[in-house]
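The sequence shown maps to residues 20 to 437 in the numbering used here.
Each residue gets a CB set at the ideal place from its N, CA and C atoms; glycine is no exception.
These notes are about the structure you will find just below.
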Amino acid sequence: MKRLLPLVLAVTLIMGMFAMGSGNGPVTAQDNTATPAPTATFLPSTEGTLVVWVNAEREAIVKAAGEKFQAKYGIPVVTQTMGFGDVRNNFNIAAPAGEGPDLIVGAHDWIGQLYSNGLLEGLDLGDNAKNFDPQAISAFTYDGKLVGVPYQVEAIGLYYNKDLVPEPPKTFAEAVEISKKLVADGKVDQGIAIPQDSYHTYPIFSSYGGYIFGKDKDGNLNPEDVGVDSPGFIKGAEELDKLVKDKVFNSAVNYGEASDLFKKGRLAMWVTGPWELNNMRASGINYGVAKIPAFDGPARPFLGVQGFMVSKYAKNLDLAKAFATEFIATQEVMQALYDAAPAVSAFLPVREANPDKDLAGFAESIADGEPMPAIPAMSAVWNSWGNAVTLIYQQKEAPDKAMKDAAEAIRAEIAKSK
């Protein structure tokens with residue numbers, strides 16, 4: 020352990036520097052939580068004990084489930100708290116060295132890398148699978164295998180000021196019409212805003228049939244089929260360009276400024292995620308949440324799903340799988356996870372038992388959404404695609420050229436990584 024730890028910490032620090040330097044990938048409330056590099060040794064999987072790496076917010080829930088597990092199997096469950104953003108990099112290094120945990124809590128878009136590295140074990144929820152959102156199950160399925168027990172699903176939606184927009188628009192054309200009238204009447208500074216990055220603008224591209232990766236004959240994402248310059252993607256880029264040219268979108272207004280405008284009642288509609296809910300509730304604005312208005316077809320935002328994964332290197336593999344499928348995948352634990360951090364639950368009975376008008380709006384977006392690609396090749400996409408979106412917002416490049424250049428760069432990056 021002493022030989023491995025300095026390497027783990029060094030890689031964690033380097034990866035953290037890359038994460039802070041990239042503004043084009045998705046950022047969620049959990050992903051953006053800064054945590055210091057661990058200074059204590061890791062708790063590895065050992066015979067006779069289950070070890071779970073979990074963030075502090077959910078540690079007590081895992082411990083409570085662990086007590087019930089120990090009562091049945093006689094095996095204690097030990098937790099080690101770790102910042103959500105630190106888990107993947109540490110697990111990648113510690114697990115194959117025999118110094119990782121039995122289970123981790125993390126995001127579905129990690130699974131491509133972790134599974135490809137031989138670190139994740141397949142799971143079987145049996146009949147209980149029907150109690151989970153199919154989108155969440157799909158997100159945690161890789162190469163035909165379920166590799167995580169999902170507990171939370173996240174997607175962006177439309178916040179709207181009910182005093183300015185009594186009913187949410189069904190189409191983006193309607194949203195544009197409302198926006199222009201409110202601005203012309205002097206009621207707002209801006210009618211609608213979407214953050215200027217690839218993650219938030221993806222519903223525009225997907226609504227026109229654009230895609231990141233095509234699928235092979237087995238339904239798996241195909242890194243050889245990059246769709247960033249597909250006809251639908253270019254059509255979405257042209258729509259984005261038009262919205263900027265028509266001053267519906269204001270490239271001079273950044274994320275923080277849009278947030279301030281909405282909370283002051285000077286922005287009528289804002290597309291972003293549930294991580295803003297606490298700010299909205301504290302703002303005093305009479306707001307609602309709805310799914311993103313359709314462009315050419317339904318707006319399909321990316322879904323982010325969080326869940327429990329079992330290490331293939333677990334010393335107690337069968338027991339680790341039992342803990343995930345029998346003690347985590349229960350209504351009691353799923354309810355506790357919801358109570359700890361209210362979000363759209365991946366467990367349908369919990370969602371039904373906790374009606375929430377805000378989360379219901381995000382659930383509508385989730386129903387139209389698609390899991391963020393989890394294959395390793397996705398890491399080659401964010402930077403070039405994000406740069407193309409920025410060029411369009413800044414009116415520095417024609418939309419078709421921006422996307423074609425981005426696609427070429429992505430293909431080159433994927434080829435280089437082989």
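- Restricting attention to 130, 188 and 91, the CA atom closest to the CA of residue 163 is found in 130.
- Contact between residue 311 and residue 176 is confirmed by a C-beta separation of about 6 Å, below the 8 Å threshold.
- When 203, 296, 429 and 344 are compared, the shortest CA-CA separation from residue 147 is found for 344.
- Cα atoms of residue 92 and residue 135: separation of roughly 31 Å, rounded to the nearest angstrom.
- Straight across, the Cα-Cα distance linking residue 207 with residue 193 is about 17 Å.
- If the five residues before and after residue 124 are omitted, its C-beta is found closer than 6 Å to the C-beta atoms of 73 and 327, all from its own chain and listed in chain order.
- Taking each of 142, 348 and 226 in turn and checking the Cα distance to residue 80, the smallest one comes out for 348.
- Boundaries of the alpha helix (DSSP H) around residue 252: 250-264.
- Runs of the beta strand (DSSP E) lying entirely within the stretch 197-253, each at least 3 residues long, are 209-212, 232-234 and 240-245 in chain order.
- The criterion of a C-beta distance shorter than 7 Å is satisfied by residue 247 and residue 425.
- Bridge pairing for residue 139: 330 [DSSP].
- Rounded to whole angstroms, the Cβ separation of residue 191 and residue 314 is 5 Å, and the two are in contact under 8 Å.
- Take residue 320, set aside five residues on each side of it, and the residues of its chain with a beta-carbon closer than 7 Å to its own are 174, 175, 221, 222, 311, 384 and 388, in chain order.
- Around the beta carbon of residue 120, a 10 Å sphere encloses 16 or more other beta carbons of the protein chains shown; the residue is thus reported as buried.
- For residue 291, the enclosing beta strand (DSSP E) has its first and last residue at 286-291.
- In the structure shown, the three-state DSSP call for residue 310 is coil.
- Leaving aside the five residues that flank residue 421 on each side, the residues in its chain whose CB is nearer than 7 Å to its CB run, in chain order, 256, 407, 410 and 411.
- Each residue's CA atom was taken as its position, placing residue 97 and residue 67 some 11 Å apart.
- Residue 178 and residue 288 do touch by the CB rule: their CB atoms are close to 7 Å apart, below 8 Å.
- The shortest C-alpha to C-alpha distance from residue 331 to any of 89, 142 and 128 is the one to 142.
- A direct Cα-Cα distance of roughly 12 Å separates residue 197 from residue 180.
- Taking C-beta atoms as the reference points, residue 298 and residue 182 fail to come closer than 7 Å.
- Shown here, residue 98 sits in a strand according to DSSP, grouped into three states.
- Annotation: the continuous beta strand (DSSP E) that includes residue 173 extends over 168-173.
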